[in-house]
Structure formats: C-alpha cells, structure tokens
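What follows is a set of notes on a single structure, which appears directly below.
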Amino acid sequence: MAKAKSSEKSRKRKLSGLWDTIRTVAYAVIAAMVVRSVGLEPFNIPSGSMIPTLMVGDYLFVSKYAYGYSKYSLPWNIDLFSGRIFGSDPERGDVAVFKLPRDNETDYIKRIVGLPGDRIQVLDGTLIVNDVPVERRQIDNFTFTDLYGRTRAIAQFEEILPNGAMHHTLDSNPNGNLDNTKIYTVPEGHFFAMGDNRDNSLDSRIDNAYSGVGFIPAENLVGRAEFIFFSAIPRVAEIWEIWKWGEATRFERLFTSVD
C-alpha cells in the first residue's frame, strides 16, 4: 500500500513538472510573438537591391512601432482590424519593410522616397521629387565581392533628399531601363519606394500589373530598419553555423545603423 502511494506521488510530481515545462515554453513563445509583433523583428537580406546600404547576408532588426500597427504587424497577418493604429508616416529616406502589395505576403525592403501627393520621376538616373532634381554627386566607386567570388566596382553616388536625408546609391548601367520613367503621382495613403541599387531593384517604378511593386499602401508597412546585428558573406556561412563565423562574419557591419 505504501509503495502504491509513493508511486502515485511520484507520477503526480512528474506530471506537475511536465506541465510546468509546457507552461514555461508556452509563455516564452507568447513573449517572443509579442516582442516580434510590437517591438523589434529580425529580418535577413536575401538580394542585392539595397546595395550599398544593405548587403546580401545582413541580418537586421526592424522596429514595428515606428509606423504604428496594422494587421501585417501580427503573426500570420491576423485580420483583427483595418488600417493602422498608433500610426505615424514614414519620412523620406527611411528604409522600410513592407508587404508586397500584389500578394500582401512577401516581405520587401526599400527606401521611401515619395510621400502621399508627391510627384516622382527619374530622368537620366536622377531622382526628381515634385519637379525638383534631388542633389546627387558621384563619389568613389563601390567595390565588393559578388555571390560568385568576383570583385566588382560600380559607380556610386551620394544622394540628398528634399528633407536632407543622405544616402548612397549605385548606377551599374548609365542607360538602364529604369533611368528614365514617367511621372508618378503618389495617391493619398500610399508611399513610393526605390532600391539603392537603382539598376537592380524591383520597386515602385514598376507597376503591380507588370509584376512590380507599385505604390505601397500605408497598411502594408511592417516597420523601419534600425540596425544590423549580424552579417555573413553569402555561401560561406549562415547565422546558425557558429563554427564558420570566424571566416564569414563581416565584423565591420555588426551593430551599424541603417541610414
């Protein structure tokens, strides 16, 4: 009888310990989801459309609170409300993550260059905002190693937007298909974004109807890129391959702000 009682107590202790573990894991998962939904969410850069600002293999944090919250701030895009709450508009020059308007699922990251009501155009590679060319001057070439191990040097420009925000852009083809565009008038409640790698970016210059990005609804904004927390040379190491960090990590990019 004593053995039976002892066995029953042991079983209850094990069950209690199991439930404690399950609760702890559940709380941790919920806490992580809350942080990702309302605080900072990690993203990685898989393409070169934002070179030289962001490199393939960069991992960065995006502030979800910067522009307020929409259904796209929540896990699995849960449709609890429409529009944005606690919202504030992006500024020209912000590097923003948003849901691709034509599918509302794919995460894109580009630089906001046009606000609601703006007239945007590109002429001979120069960005025109409200009929005024932005200040743009050529600086030293940008040199980097591409995914195939080749060293490349591309013409680099310093660009200053009307609000004084400064960043660098690349011009790999002086006669690129998107170096001369029509005039785009940004609708209310929408934004216009471009990649810094101007000749290698699928962005607002290409309409949704042509598998592009088009104008970005405010509701589709996910957050503003803040800083790079890890960066690795592609095809050498991934973030989880700790044993390869020494040879692959771009230490000079760690904890740098995204401007």
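For the sequence shown, the residue numbers in this note's numbering are 701 to 959.
Ideal Cβ placement from N, Cα and C applies to all residues, glycine included.
**OP:** Put arginine 953 into one of helix, strand or coil per three-state DSSP.
**Re:** helix
**OP:** Locate the beta strand (DSSP E) running through glutamate 858, then write down its first and last residues.
**Re:** 851-860
Subject >> serine 737 in three-state terms, based on DSSP >> reply: A caution first: serine 737 carries a pLDDT of 45, below 50, which makes its placement in the model too unreliable to give a value.
**OP:** Output the distance between the C-alpha atoms of asparagine 877 and valine 958, rounded to the nearest integer angstrom.
**Re:** 28 angstroms
Original post:
Would you call leucine 823 buried or exposed, if buried means 16 or more other Cβ atoms sit within 10 Å of its Cβ?
Top reply: Leucine 823 should be labelled exposed.
Original post:
Tell me which same chain residues have a C-beta within less than 6 angstroms of the C-beta of threonine 885, skipping the five on either side of it?
Top reply: Arg819
Subject >> C-beta atoms of arginine 811 and glycine 825 nearer than 8 angstroms >> reply: no
Subject >> Within 8 angstroms, strictly: CB atoms of leucine 815 and threonine 806 >> reply: Cβ distance not < 8 angstroms, so leucine 815 and threonine 806 don't count as in contact.
Original post:
What is the rounded straight-line gap between the Cα of asparagine 841 and the Cα of alanine 853?
Top reply: 6 angstroms
**OP:** Answer with buried or exposed for isoleucine 928, where buried requires no fewer than 16 other C-beta atoms within 10 angstroms of its C-beta.
**Re:** Buried, because 16 or more other Cβ atoms sit within 10 Å of the Cβ of isoleucine 928.
Original post:
DSSP beta-bridge partners for tyrosine 759?
Top reply: DSSP, once it has assigned bridges, lists Asn744, Phe930 as partnering tyrosine 759.
Original post:
Excluding the five sequence neighbours on either side, which residues of its own chain have a C-beta within less than 8 angstroms of the C-beta of valine 756, listed in chain order?
Top reply: Within the same chain, valine 756 has close Cβ partners Ile745, Pro746, Ser747, Gly748, Leu847, Pro934.
Original post:
In terms of alpha-carbon separation, which member of Thr753, Asp803, Tyr759 lies closest to tyrosine 772?
Top reply: Asp803
Subject >> Alpha-carbon spacing of tyrosine 759 relative to phenylalanine 844, whole angstroms >> reply: Taking the CA atoms as reference points, tyrosine 759 sits about 18 angstroms from phenylalanine 844.
**OP:** Out of Asp831, Glu741, Ala766, point me to the one whose CA is closest to proline 862's CA.
**Re:** Asp831
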